[in-house]
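There are 2 protein chains.
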Amino acid sequence: MTTTSLVSTPFLSAHDVATIVQRKGLDACLRGMVDTIQADFLRWEAFDKCARVASHSTDGVIELMPIADDLSYAFKYVNGHPKNNALHGLPTVMAFGVLASVATGVPELLSELTLTTAIRTAATSVVAARVLARPNSRSMALIGNGAQSEFQALAFHHLMGIEEVRLFDTDPLATAKLADNLRSTGLKVVICTSTAQAVRGADIVTTVTADKTNATILTPDMIEPGMHINGVGGDCPGKTELHPDVLRAASVFVEYEPQTRIEGDLQQLPADFAVTELWQVLNGSAVGRTSEAQITVFDSVGFAMEDYSALRFMRDTARELGLGQRLALIPDLADPKDLYSLVRPTASRFVAPVSLPDTQAA
Amino acid sequence: MTTTSLVSTPFLSAHDVATIVQRKGLDACLRGMVDTIQADFLRWEAFDKCARVASHSTDGVIELMPIADDLSYAFKYVNGHPKNNALHGLPTVMAFGVLASVATGVPELLSELTLTTAIRTAATSVVAARVLARPNSRSMALIGNGAQSEFQALAFHHLMGIEEVRLFDTDPLATAKLADNLRSTGLKVVICTSTAQAVRGADIVTTVTADKTNATILTPDMIEPGMHINGVGGDCPGKTELHPDVLRAASVFVEYEPQTRIEGDLQQLPADFAVTELWQVLNGSAVGRTSEAQITVFDSVGFAMEDYSALRFMRDTARELGLGQRLALIPDLADPKDLYSLVRPTASRFVAPVSLPDTQAA
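From first to last, the protein sequence lines stand for chains A and B.
Final position of the first sequence in the working numbering is 362; the numbers increase by one with none missing.
Final position of the second sequence in the working numbering is 362; the numbers increase by one with none missing.
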């Protein structure tokens, strides 16, 4: 009779990741995430990529986002349910994910990704803005003041030199919450009463709204020469934020073109509308901003590679800080062909908590 | 300052599921799984279905298998690495999965699915054999004596009246392990020295081999009138078990045609080779076996709906037995728009393990 033990998978709970961010500091986490995402974008062609797999329902969407390189496979589970706040007191976006070994299929990390996604999305926005926004950008409009907005504001403050944020949300309580959270961060906060007011004079415009509708948050009349638009909330079929003429007036940059054509604000334009993939700008094979007056749009939808980067960053940081738990997600078998040993009746009927010597096995 | 707590996701570890099977009995678990899978096949059109998403590498494959009905979304992570036993002492197949609410996206169960998959696969084989094999079947050849073989043998013994199993594997140690595990189960076990010897005279032939090659385990000369072939191991592009002429000589039944055309033994035949989906036989809209002499093949690859059924069954059984744990996979926020509250520096710098009263918050 074989004895069976259970191998364990490292697990980072929502509490563990909050502790990581508190101990290391959000600033340092954003910086580390920017570096990890940038490094992975620079080896773009090493990844086996596909558009995410979405399951749409009346009230929202549930998506799986897989990706792999030669060593590691990663996937994220993420939902988007815009009515969750109002109807259920729940976040609109919740996520978790896994890193696994390509060589064996063994899961090597299970982690919360709700908090992590907010950090990786803001970090990705910075990776793009560093090559697309004017280097002297100092003010940012922030349209949509929900769960992700603090992370966007602080990422641009710490890593792009943004000194002033101009806030607008259709929910004034969300704006008040954001303004309150940004007190004592060094950011100058201006509360605005309309999108147009918030956008006026801003160097960068970040849209991070949640409605699953073809909304028109930004219209052409609001756009000024030289603006960089960081469009984060248009990320699902039927969920857009930018008037199509805003895209037409701009140079448009995307993460992974096949996915953004389906999910991004780009879904409003014909399939031959030219866009540039961000990795090409980062490695110098395509140009980003070419003039002070150029209008640039990062039509961000969130790509699986960024979650791969985020999982790696959180795994490494958890190891450094000695945080995390272990789960028996996968059985560990003395003889891997003997899965049945886990449930053999002799083990249950005659062996309760401890193993019997071989002679007593039936 | 909002206080944050962490909502918890029910979790069934490999140990929990082994305990469920030991307490309830494998027989009862197989029976319950057959009933659940059959019930879900009978409401086939209620499911939003897609072929699984596979990431292939040199040594194996990692797959995600999502599915949803109006109420629940489920997905399974599963690998297939045929060399894992020999190279790493690991199982060739490992799995876990999640049930989630379609209405909110909240994950409602995370469970191991390695052991569960073996049970659900055997249960699915029985669901098919009950309408495809001759009702008086008493002997079964079992080709491939690895991790899943005990579950196939015992499912057919308990639920189909199989009295004799005829075993063959290229690894004699695997056969010895299976024979040992089947002692005292009431099954007559015959150890054979070739596939041909095992198959001769058998009413049902189950193939459950692991090699990721276009193997030809069963050739036309081995097939006798009236046989039912339960083909379980040909489940991946480039991984087949049946000579194409075995399929041509038979009536072929599948789970979900678009997936089986890519992954099943069916991948060897042209796209217009006629097959019947199992759910149609179960609901009476198509015929199964039509004569004593007919040869039937269930070209099983494993479909996401069966994992949906398996997760439901394990969730309900765990509740009944009071088993399982809870994980903080998703943050629970007093204000769902205030994700930042989890990492607000005031919370970390001035509040260490316990919450401060509001007056002390910055």
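Built from N, CA and C at the ideal position, the CB exists for glycine as well.
Query	Result
Residue range of the unbroken alpha helix (DSSP H) whose run includes serine 149(A)	149-160
Isoleucine 119(B) versus lysine 239(A): straight-line alpha-carbon distance, rounded	41 Å
Residue-level contact to chain A via CB, leucine 333(B), 8 Å cutoff	yes
Secondary structure of proline 364(B), DSSP reduced to three states	A question about residue 364(B) goes unanswered here, because the residues of chain B that appear run from 1 up to 362.
Cross-strand partners of proline 107(B) (DSSP beta bridge)	Ala100(B)
Contact between the segment 198-215 of chain A and the segment 140-159 of chain A (3+ Cβ pairs under 8 Å)	yes
Selection from Thr216(A), Ala215(A), Arg200(A), Cys236(A) that minimises the alpha carbon distance to methionine 222(A)	Arg200(A)
Rounded C-alpha distance that separates aspartate 307(A) from valine 189(B)	50 Å
Interface residues of chain A facing phenylalanine 156(B) [CB-CB closer than 8 Å]	Correct list: empty, because the minimum Cβ distance to chain A is about 15 Å.
Alpha carbon of histidine 15(B) to alpha carbon of isoleucine 262(A), nearest angstrom	42 Å
Touching by the beta-carbon criterion (3+ pairs, under 8 Å), the segment 320-340 of chain B and the segment 129-136 of chain B	no
Own chain, CB closer than 6 Å to phenylalanine 313(A), minus 5 neighbours either side, in chain order	Gly32, Met33, Thr36
8 Å Cβ cutoff, isoleucine 152(A) in contact with chain B	In the sequence on display, residue 152(A) carries glutamine and not isoleucine. For glutamine 152(A), the answer is no, since every Cβ of chain B falls outside 8 Å of its Cβ.
Candidates Arg183(B), Gly25(B), Leu187(B): closest to phenylalanine 156(B) by CA position	Leu187(B)
Among Ile162(A), Phe96(A), Val343(A), Gly302(A), the one whose alpha carbon lies nearest that of aspartate 235(A)	Gly302(A)
Histidine 88(B) and threonine 114(A) closer than 8 Å at C-beta	no
DSSP three-state assignment for methionine 140(B), whether helix, strand or coil	strand
Proximity winner among Ala196(B), Leu42(B), Ala293(B), relative to glutamate 277(B) (alpha-carbon distances)	Leu42(B)
Contact the segment 249-265 of chain B vs the segment 277-292 of chain B: 3+ CB pairs below 8 Å	yes
Against chain A: residues of the segment 43-54 of chain B by CB proximity under 8 Å	Asp48, Cys50, Val53
Residues of the segment 63-91 of chain B with Cβ closer than 7 Å to any Cβ of chain A, in chain order	Leu64, Pro66, Ala68, Tyr73, Phe75, Tyr77, Asn79, His81, Asn84, Asn85, His88, Gly89, Leu90, Pro91
DSSP state of phenylalanine 313(A) mapped onto helix, strand, coil	helix
CB-CB length for threonine 116(B) against valine 17(B), believed under 8 Å	6 Å
Cα-Cα separation, serine 5(A) to leucine 90(A)	Bear in mind that a pLDDT of 43 at serine 5(A), under 50, signals an unreliable position, so the number given afterwards is only what the model happens to contain. Serine 5(A) and leucine 90(A): Cα-Cα distance of roughly 38 Å.
Local Cβ density within 10 Å of aspartate 316(B), reported as buried at 16 or more and exposed below that	exposed
C-alpha gap between glycine 288(B) and alanine 95(B), whole angstroms	31 Å
Where asparagine 136(A) falls, given that 16 or more other Cβ within 10 Å makes a residue buried	exposed
Coarse secondary structure for serine 13(B), derived from DSSP in three states	coil
Beta-carbon gap between serine 139(A) and aspartate 203(A) smaller than 8 Å	yes
8 Å Cβ cutoff, alanine 133(A) in contact with chain B	no
Runs of alpha helix (DSSP H) wholly within the segment 285-332 of chain B (minimum 4 residues, chain order)	304-321
Short-range partners of chain B found in the segment 180-193 of chain A, where Cβ spacing is below 8 Å	Asn181, Arg183, Ser184
Inside the segment 219-260 of chain A only - alpha helix (DSSP H) runs reaching at least 4 residues	244-248
For valine 78(B): DSSP bridge partner residues	Glu63(B), Ala95(B)
Range of the contiguous beta strand (DSSP E) that encloses valine 207(A)	Checking the sequence, you will find threonine at residue 207(A) rather than valine. Threonine 207(A) -> beta strand (DSSP E) spans 204-207.
Threonine 206(A): contacting residues in chain B (beta-carbon distance under 8 Å)	What threonine 206(A) touches in chain B: nothing, since even the nearest Cβ is about 15 Å away.
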